[in-house]
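At position 80 of the sequence shown (counting the first as 1) the number is 119 in my numbering, and the numbers step up by one without a gap. Worksheet: one structure, shown below.
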Amino acid sequence: MQITFLTQLDWLLRLILAGICGYAIGYERNSRYKNAGTRTHLIVALSAALMIIVSKYGFMDIISTHGVNFDPSRIAAQIVSGIGFLGAGLIFVHNQSVRGLTTAAGVWATSGIGMAIGSGLYFIGIVATLLILLFQIILHQNYRWIKSATSNHLIVQLEDFEGLHLLQKQLKNEHVEILSIKVEKKSNNSLKTNLYLRLPKTYELASLMALLESNKKIKSIEY
């Protein structure tokens with residue numbers, strides 16, 4: 040295969056376009072103060088495009104060699120599995136809740152976009168970028184028609200068990216579901232209570248705070 044200047048220019052365009060798409064997704068993540076931002080997503084998309092270009096065109100000189108079998112999809116498969124290690128590093132557990140799943144999925148999707156553009160599938164790569172950005176923006180808005188029940192973690196300091204019983208009654212009356220509760224008795228007979236709550240769809244966190252403030256047995260609230 041004769042590699043012309045126009046061919047190399049096309050490959051360069053693929054790298055630049057993949058980098059731009061990765062940067063766009065990274066910018067959205069960076070605006071929400073996530074661990075993986077513009078640089079990470081840009082590098083993932085650009086490097087995925089580079090590896091696909093190498094996979095498709097880097098061995099053209101030996102394809103015609105007798106007895107040589109060439110499978111360009113092998114490198115693509117290794118990109119997908121290799122990006123899993125990077126994604127795993129973005130997922131962590133904090134206060135018994137999993138964080139970083141969306142960012143890890145975004146990095147994985149960014150590699151796919153880079154692979155698509157590196158393969159010359161410009162349209163599908165650009166459309167995938169726009170769709171990811173669109174859905175990320177939409178799902179972060181507080182639209183009532185897509186709002187679902189939310190869960191919250193609270194650490195409540197109570198004076199005694201009477202306050203705990205009152206708290207449970209208050210939550211039940213407001214249809215707030217207690218997913219998990221852990222009570223630790225302190226040396227001064229006060230209670231440290233870890234609560235995981237599921238709030239109704241139309242219930243705001245501010246309403247929950249106002250409810251808890253009405254309980255005179257509560258000494259402090261951390262959330």
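All C-beta atoms, glycine included, are put in the ideal place defined by N, C-alpha and C. Given the structure is predicted, the values throughout are model-derived calculations rather than measurements.
- According to the DSSP assignment, L160 belongs to no beta strand (DSSP E), since it is labelled neither H nor E.
- Boundaries for R237: no alpha helix (DSSP H) harbours it, while the beta strand (DSSP E) harbouring it runs 230 to 238, taken from the DSSP string.
- Per DSSP, E243 is not a residue of any alpha helix (DSSP H), being assigned neither H nor E.
- Distance from the Cα of E252 is smallest, within the candidate group Q117, I91, Q209, A88, for Q209.
- Residue N227 holds the alpha-carbon nearest to the alpha-carbon of L197 among H214, L129, N227.
- Burial state of R78 is exposed, judged by a 10 Å Cβ sphere holding fewer than 16 other Cβ atoms.
- Residues of the same chain with a CB within less than 7 Å of the CB of F131, apart from the 5 flanking positions on each side, are R138, G139 in chain order.
- Between S94 and G157, the alpha-carbon positions lie close to 10 Å from each other.
- When DSSP states are grouped into helix, strand and coil, F174 belongs to the helix group.
- Scanning the region 69 to 128 from its first residue to its last, no whole beta strand (DSSP E) run of 3-plus residues comes out.
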